[in-house]
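K.L.:
In this note's numbering, the protein residues as written are 1 to 592. Idealized CB from N, CA, C, for every residue including glycine. This is the structure I want to talk about, given as structure tokens.
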Amino acid sequence: MRHSLYLAGALFLASPAAGQSADLPAEILPPALPWSGASERLIAGKTDPWITPAERADFAATPRYSETRAWLERLAAASPLITIETFGRSGQGRDLLMVRASKGGKKPVVLVQAGIHAGEIDGKDAGLMLLRDIALRGKDELLDRVDLVFVPIYNVDGHEAMSRWNFPALRGPREKGHVANARNINLNRDYAKADAPETRAMIALLRQLDPILYVDCHVSDGFDMQYDVTFTYAGWGRYAYHKATAAWLMERFGPHATAALERAGHVPTLYPSPIDTRAPQKGIRQAPEGPRYSTGYGDFIGVPTVLVENHMLKPYRQRVLGTYVLLQAALTLAGDDADRLVAAKAADRASRPADMLVRWKQDPNPVGWVEAFKGVAFDTYRSPATGRMEQRWTGQPVTFRMPIIGQQPVQTVRLPKAWWIPAEQTDVIDRLRLHGIAFETITAPRKLTLDRVTLRNPEVQRAQDGRFPMKAAFDHDTGPEELPAGSIRVRADQPLGLLAASLLEPEAPDSFLVWGFFPEMLSSPPYAEDFVRAPLAEALLASDPAAKTAFERKLAAEPAFAADPEARLAWLTACLAGHPAFTLRYPIGREF
Ligand SMILES: [Zn+2]
């Protein structure tokens with residue numbers, strides 16, 4: 001679940017009070033499409049001592065953390081190929097588990113994670129089956145050229161908050177975890193700002209392993225369709241910021257995974273993110289994405305990353321089997337292509353883009369078409385609950401032509417040579433260190449000409465994922481600065497230069513500024529008496545023709561400003577030399 005406008009807490013509101021739930025119909029979901037496929041042969045027999053908990057439950061249930069851990073520890077005890085490690089702790093203090101499947105030696109790593117949105121847990125139960133078959137059932141050749149590192153339950157606190165009311169649109173398992181972590185932070189919005197302990201652990205793990213392939217397992221939301229396993233990459237490949245890894249994903253991963261899934265009886269496609277779930281024929285949306293997401297983060301750090309979005313209305317059994325097939329195909333291909341992947345990563349990390357796209361808008365003309373989209377028919381009925389027409393999916397397959405709605409660039413920023421961060425911005429500096437972005441600290445003051453950014457019309461947005469994001473327009477001006485000792489210089493010329501740009505360029509959609517890291521910018525300047533401020537401002541207007549011209553232009557253009565004595569005085573005070581540096585002033589300077 002990823003691209004819908006989705007409130008993490010909304011599903012809790014849907015939970016009825018205790019005692020009111022017993023009489024609801026058992027099946028409120030649309031009809032399931034009939035399915036059978038060769039991948040069903042992967043399921044262990046009922047008497048198999050290595051049957052996984054989900055198989056034993058006929059995929060009606062998924063095991064809790066403790067049962068999952070116990071099963072994996074038993075497997076590790078039985079096979080020299082499997083070891084269990086921890087890579088951090090959750091907010092509630094649970095160990096974050098990773099399983100390493102390896103034949104030894106130093107091989108490139110394929111990193112697979114399940115349950116970042118804990119209710120979307122298909123990857124965990126598929127991974128357990130695949131690990132069993134690697135360890136004990138003759139599939140160990142998958143480890144001849146790569147190691148598998150598998151995180152069975154990434155959002156472990158959300159996973160343990162299981163309820164039948166979580167993810168009600170998913171056809172199984174019966175009880176599912178919560179989408180976000182214990183502080184209601186959606187971990188698949190947190191890669192850039194890195195607030196959650198789980199995110200910080202995952203970023204450290206990514207740096208430690210530096211995988212040649214990163215797979216993030218989800219279940220979709222949206223609309224009904226015939227496809228069961230869908231997947232995509234940052235910006236659908238089309239809008240990726242790093243081109244070499246994106247090309248490998250599109251040219252190699254996509255066709256290979258598709259062929260493997262079709263051979264096993266599944267119906268794969270590139271993840272279709274709907275423009276309008278009530279009118280699927282309007283098309284599917286493709287757009288650039290920032291490093292808040294796993295896929296966007298992978299793109300910015302130069303790690304090929306796959307988002308798996310199994311279709312919500314397919315039975316859990318079918319979804320788990322499809323995930324197994326996809327993961328096996330990913331391991332095989334990563335082994336075949338290990339050298340190409342290493343080269344693609346190196347090419348991306350050696351690239352030094354001169355600019356970065358930060359704003360885009362929907363392209364009025366489709367950028368492509370899906371000629372025969374495998375959809376499902378629906379009709380509508382008037383709901384006594386909502387009072388409006390609601391959609392009812394009929395389970396009847398239909399095929400239609402589907403436009404791909406792309407994006408046009410609106411704003412691109414030219415990247416500076418370096419960014420300058422004051423020593424007191426410790427939250428930001430801490431995160432640069434976590435991400436592995438290189439910087440230097442100056443030990444003596446330095447004089448430089450810097451581009452400085454001032455906020456215009458800042459607005460604090462509704463709370464999201466533990467923060468109050470900020471929206472503003474930005475004015476740039478260039479001037480001399482004296483940077484004190486202890487200031488941090490982050491140069492763009494480094495392998496993670498593009499990630500640094502995405503965090504430090506104020507206009508970038510996932511910048512620290514946009515995520516609300518600098519609330520001090522919105523505080524008022526220190527108080528001074530009007531009988532002093534007014535003559536100071538008058539003196540400024542008399543002595544500084546540039547300030548006078550800008551002031552008069554603003555008076556003419558903005559009647560509300562002209563009618564507001566306090567705003568006029570605040571604006572003029574801000575023009576005075578020696579004014580407090582932080583009011584509306586972005587603390588990070590840009591060196592060209
Ligand atoms: Zn998801």
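#1: Going by the CB atoms, is the gap between Glu591 and Ala354 shorter than 8 Å?
#2: Roughly how many whole angstroms lie between the Cα atoms of Pro34 and Tyr586?
#3: For Trp393, which three-state DSSP category applies?
#4: For ligand 1, is there any heavy atom lying closer than 7 Å to the beta carbon of Asn188?
#5: Does DSSP classify Val428 as helix, strand or coil?
#6: At a cut-off of 7 Å, is His159 close to ligand 1 when judged by its beta-carbon and the heavy atoms of the ligand?
#7: Just the Cα atoms here: how many angstroms apart are Ser21 and Gly368?
#8: For Ala347, which residues from the same chain have a beta carbon less than 6 Å from its beta carbon, with the 5 sequence-adjacent residues on both sides left out?
#9: So, for Ser487: in the same chain, excluding its five sequence neighbours on each side, which residues have a beta-carbon less than 8 Å away from its beta-carbon?
#10: Here's a check: name, in chain order, each residue in its chain whose Cβ is nearer than 7 Å to the Cβ of Val267, leaving out the five neighbours to either side.
#11: So, under 8 Å CB-CB, Phe223 and Thr277 are touching, yes? Tell me the CB distance rounded to an integer number of Å.
#12: Can you tell me which of the three DSSP states Thr230 falls into?
#13: So Arg317 and Phe59 are in contact, right, with Cβ under 8 Å, and what is the actual spacing, rounded?
#14: What are the start and end residues of the beta strand (DSSP E) that includes Met470?
#15: Look at the alpha carbon of Leu496 and the alpha carbon of His242, and state the distance between them as a whole number of angstroms.
#16: Can you have a look at Lys193 and say buried or exposed, based on whether 16 or more other CB atoms are within 10 angstroms of its CB?
#17: At a cut-off of 7 Å, would you count His218 as near ligand 1, judging by its Cβ distance to the nearest heavy atom?
#18: Count the C-beta pairs between the region 81-99 and the region 197-209 that are closer than 8 Å, then say yes if the count reaches three, no if not.
#19: Whether or not the region 180-196 and the region 289-308 are in contact is what I'm after, with contact meaning three or more pairs of Cβ atoms, one per stretch, closer than 8 Å; do they touch?
#20: Under 8 Å, with one C-beta from each stretch per pair, do the region 389-401 and the region 328-344 reach the 3-pair mark?
#21: Assuming Pro304 and Tyr239 are in contact, meaning their beta carbons sit under 8 Å apart, how far apart are those beta carbons, in whole angstroms?
#22: Would you give the residue range spanned by the beta strand (DSSP E) that Trp248 belongs to?
#23: Which residues in the same chain have their Cβ closer than 8 Å to the Cβ of Pro458, if we skip the five residues on either side of it in sequence?
#24: Quick one: is the Cβ of Glu566 within less than 7 Å of any heavy atom of ligand 1?
#25: Does the separation of the CB atoms of Ile134 and Leu143 fall below 8 Å?
#26: What does the alpha-carbon distance come out to for the pair Arg414 and Ile153?
#27: Assuming contact is defined by CB atoms lying nearer than 8 Å, are Gly158 and Ala118 in contact in what I supplied?
#28: Output the distance between the C-alpha atoms of Leu357 and Ala508, rounded to the nearest integer angstrom.
#29: Please determine whether the Cβ atom of His311 lies at a distance below 7 Å from any heavy atom of ligand 1.
#30: When the Cα atoms are used, what is the spatial distance from Ser543 to Glu529?
#31: By the DSSP assignment, the alpha helix (DSSP H) with Pro545 in it spans what residues?
#32: DSSP three-state call for Thr62: helix, strand or coil?
#33: Taking the C-alpha atoms as reference points, what is the distance between Met162 and Asn181?
#34: Report the rounded CA-to-CA distance for Gln281 versus Trp515, giving the unit in angstroms.
P.N.:
Walking through what the data contain:
#1: no
#2: 57 Å
#3: strand
#4: yes
#5: helix
#6: no
#7: Because Ser21 carries a pLDDT of 49, less than 50, the predicted location of this residue cannot be relied on, and no value is offered for it.
#8: Ala244
#9: Trp420, Ile421, Pro422, Ala423, Thr441, Ile442 and Arg446
#10: Gln226, Tyr227, Asp228 and Lys374
#11: 4 Å
#12: strand
#13: 4 Å
#14: Met470 to Leu483
#15: 11 Å
#16: buried
#17: yes
#18: yes
#19: yes
#20: no
#21: Not quite, the Cβ-Cβ distance comes to about 16 Å (not below 8 Å), so this is no contact.
#22: Premise fails: Trp248 lies in the alpha helix (DSSP H), Lys243 to Trp248, not in any beta strand (DSSP E).
#23: Met470, Lys471, Ala472, Met521, Leu522 and Leu584
#24: no
#25: yes
#26: 40 Å
#27: yes
#28: 8 Å
#29: no
#30: 21 Å
#31: Pro545 to Ala557
#32: coil
#33: 12 Å
#34: 34 Å
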